[in-house]
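Those protein sequence lines, which keep their order, are chains G and F. In terms of numbering that gives the first Met the number 0, the first sequence opens at residue 0 and continues consecutively. In terms of numbering that gives the first Met the number 0, the second sequence opens at residue 0 and continues consecutively. Yeah, the Cβ is synthetic: ideal placement off N, Cα and C, and Gly gets one too. Presented below is the structure to which this report refers.
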Amino acid sequence: MSEHKIISVGLAALFAALLGMAAHDARADDAVSISLTIKNHLFDPAETHAPANKQIVFHVKNLNDIVSEFESSDLHFEKIVPAGSEGVVYVHPLKPGRYSYYDDFHHATQGYLVVQ
Amino acid sequence: MLAALLIVFREVFEAGLIVGIVMAVTAGVVGRGLWVAGGVAAGVLGACLVALFTSGLSSLFGGSGQEVFNAGILGFAVIMLTWHNVWMARHGRELAAELQAAGEAVVAGSKSLAALAIVVAIAVLREGSEVVLFLYGVAAAQGGASWGMVGGGFVGLILGSLVCLATYLGLITIPTRYLFGVTSTLIAFLAAGLAAQAIAFLQQANILTAYDGTVWDTSWILSESSYLGRALHTLIGYVDQPTGMQLIVYVATLVTIGVLMKIFSAPAVRQPRTA
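Structure (structure tokens):
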């Protein structure tokens with residue numbers, strides 16, 4: 000690859016990033032909202048549902064008296080949620096399937112998102 | 000006890016890989032021990048501060064404060080690593096000569112050491128803040144620190160530090176004439192991986208949504224949550240389900256570092272022509 004080509008690839012990436020930022024507001028409006036709580040180290044509801052190919056927003060309220068890390072390796076996010084507070088996590092549109100998430104500080108706390 | 004051991008080990012292990020690389024990169028530079036130790040100390044202090052202000056931090060930027068903060072410090076680490084590689088491409092040879100001659104080596108080496116010390120501080124801060132939050136949470140739930148927790152944390156710290164030592168000892172067995180090439184490559188991949196991680200945080204916060212679909216899934220071969228997966232994630236940014244934007248930024252970072260190193264590399268010594 001010549002240096003010019005390399006630089007144009009870099010510029011294209013930057014341009015794409017800027018486009019993404021411009022587009023983000025439009026899409027957040029029709030995101031599917033999912034609310035869940037962590038209480039006594041259990042997710043409630045234990046299983047959540049969402050339609051395929053739609054952006055998803057998780058609102059996680061931690062009702063334990065201990066900090067949680069709401070995390071998913073399937074969905075690629077990690078978010079510290081202090082006791083008594085709510086964490087918001089955006090997930091890109093998904094294909095149908097079953098995805099798991101958990102409390103990284105307390106692995107027995109497991110939950111699933113079913114996308115149809 | 001076991002939970003404390005595992006969490007502390009995992010986080011120290013991840014930061015330890017980076018510290019080990021930095022120790023190997025700076026092998027032989029006078030005063031590097033102090034810079035690296037300073038980076039670790041600053042990281043530990045930073046981790047405590049971040050843990051202390053987690054609630055406040057989370058509520059910034061409409062609830063995405065953590066993500067913006069993480070993406071920001073990761074971006075800063077990428078810049079520092081890039082700068083280090085470019086600086087070494089320019090001055091590496093003279094530095095090596097100076098090292099042998101001692102003298103000015105301390106001054107010349109310290110510029111690049113400062114950048115690497117910042118990288119160490121950021122790595123320790125990121126992993127350390129999770130340790131602090133977790134241990135604090137456990138202590139709060141138990142109504143005080145227990146010996147089990149302290150013991151588990153301590154064993155985790157020792158085991159994690161052994162990983163750091165092993166990384167360092169492994170790298171310094173590489174003969175000096177290859178060491179520069181190997182460490183420059185390692186640092187370039189490290190930077191690309193951190194850049195891709197920063198993108199993941201921006202996507203999670205809904206700040207960046209372009210090309211956020213998963214491009215491939217290799218979790219059935221190597222899960223990112225396995226220890227090998229974690230090590231590769233830290234070292235070269237292995238992601239089992241990368242998004243398009245992560246791949247674009249990963250490649251763009253590698254290319255940018257390569258091009259900058261080429262542009263700023265020390266001019267080759269000219270052979271006098273005999274016509």
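Nearest neighbour of residue i, chosen from the options [CA to CA]
i               : options                          : result
M87 of chain F  : F:L178, F:D216, F:S63 and F:A195 : F:L178
P92 of chain G  : G:N52, G:P44, G:D73 and G:G86    : G:N52
L44 of chain F  : F:I121, F:V85, F:I157 and F:I6   : F:I121
F76 of chain G  : F:Q65, F:W82 and F:I78           : F:Q65
L112 of chain F : F:V248, F:I72, F:V24 and F:D211  : F:V24
L74 of chain G  : F:F200, F:T252 and F:G27         : F:F200
L189 of chain F : F:H90, F:A265 and F:E13          : F:E13
A187 of chain F : F:L51, F:V7 and F:M260           : F:M260
A140 of chain F : G:K38, G:I65, G:D102 and G:E46   : G:I65
D102 of chain G : G:G86, G:Q115, G:V88 and G:E70   : G:E70
I6 of chain F   : F:S183, F:G62, F:V137 and F:G243 : F:V137
W82 of chain F  : F:P266, F:A2, F:A265 and F:I256  : F:I256
T108 of chain G : G:V114, G:G96, G:N63 and G:R97   : G:N63
S32 of chain G  : G:H40, G:Y100, G:G96 and G:P50   : G:P50
G169 of chain F : F:F8, F:G19, F:S54 and F:A2      : F:G19
Assumed close pair residue i, residue j - CB separation to whole angstroms, cut-off 8 Å
i               : j               : result
V162 of chain F : L4 of chain F   : Not a contact, Cβ separation roughly 14 Å.
G37 of chain F  : V123 of chain F : Actually they are not in contact, since the Cβ atoms of G37 of chain F and V123 of chain F sit about 11 Å apart, beyond 8 Å.
E10 of chain F  : V130 of chain F : 5 Å
P81 of chain G  : S57 of chain F  : 7 Å
F104 of chain G : E68 of chain G  : 5 Å
I72 of chain F  : R125 of chain F : 7 Å
D58 of chain G  : S84 of chain G  : Note that residue 58 of chain G is His in the sequence shown, not Asp. 11 Å between Cβ atoms; not a contact.
I55 of chain G  : V87 of chain G  : With 8 Å as the limit, I55 of chain G and V87 of chain G do not qualify as a contact, their Cβ atoms being about 11 Å apart.
Span of the beta strand (DSSP E) around residue i
i               : result
I55 of chain G  : I55 to N61
K38 of chain G  : V31 to K38
E68 of chain G  : S67 to S71
E10 of chain F  : Where E10 of chain F is concerned, there is no enclosing beta strand (DSSP E), although the alpha helix (DSSP H) it sits in stretches over L1 to V24.
Q109 of chain G : H105 to V114
G96 of chain G  : G96 to D102
F76 of chain G  : F76 to V80
Y167 of chain F : Premise fails: Y167 of chain F lies in the alpha helix (DSSP H), W146 to I171, not in any beta strand (DSSP E).
Chain-ordered chain F contacts of residue i [CB-CB under 8 Å]
i              : result
G86 of chain G : S57 and G62
D64 of chain G : A139 and A140
S72 of chain G : S218, S222, E223, S224 and D239
Chain G residues whose Cβ lies nearer than 9 Å to that of residue i
i               : result
I6 of chain F   : D103 and F104
T242 of chain F : H75 and H91
Limits of the unbroken alpha helix (DSSP H) element including residue i
i               : result
E46 of chain G  : Unbroken run through E46 of chain G is the beta strand (DSSP E), E46 to A49; no alpha helix (DSSP H).
I262 of chain F : G243 to F263
I198 of chain F : T175 to Q203
F60 of chain F  : T53 to G62
Under 7 Å by beta carbon: chain F residues contacting residue i
i              : result
S34 of chain G : What S34 of chain G touches in chain F: nothing, since even the nearest Cβ is about 14 Å away.
Proximal chain G residues relative to residue i, where beta-carbon distance stays under 7 Å
i              : result
T53 of chain F : I79 and P81
Contact list for residue i against chain G, beta-carbon separation under 8 Å
i               : result
A204 of chain F : Y89
Would you be able to state if there are at least three C-beta pairs under 8 Å between the stretch 184-200 of chain F and the stretch 75-84 of chain F?
yes
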